[in-house]
Amino acid sequence: MSFSAAQSPSFARGCRQVLESDVKITSMRLYADILANAARNGWDYTPESIVSGSKRHFEEMKLQLNDAGYEIVPVGARLYCKRLDKLAVR
846 MSFSAAQSPS
856 FARGCRQVLE
866 SDVKITSMRL
876 YADILANAAR
886 NGWDYTPESI
896 VSGSKRHFEE
906 MKLQLNDAGY
916 EIVPVGARLY
926 CKRLDKLAVR
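In structure tokens:
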């Protein structure tokens, strides 16, 4: 899974938060790869199926990240890392 460069430093420091927009972008890229592979194998999907599958893929990705201990935060929210706050107090 790949997230934007703006989010990566947070992961490196041990924070477990990710912006919902980064999850959406990653989900869309992965789903596009899935569709491209399916098309190469002769599968054809209706536009409605693609939209539905994209939404389902995004929701499933959020659930998997939550299960892995990540907190999905909405765009505009300030990312917060308790570990960094403790270091700043020292």
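If you want the numbering used here, it's the 1-based position in the sequence shown plus 845. Every residue gets a Cβ at the ideal spot worked out from N, C-alpha and C, and that includes glycine. These numbers were taken from a predicted model, which means no experiment stands behind them.
Annotated as distal: residue 910 and residue 918, with beta-carbon spacing of 8 Å or more.
Close CB contacts of residue 886 within its chain, under the 6 Å cut and outside five residues either way in sequence, are absent. Take residue 862, set aside five residues on each side of it, and the residues of its chain with a beta-carbon closer than 6 Å to its own are 916, 918 and 924, in chain order. Between residue 868 and residue 907, the C-beta spacing is below 8 Å. In the three-state scheme derived from DSSP, where H, G and I count as helix and E and B as strand, residue 910 is classed as helix.
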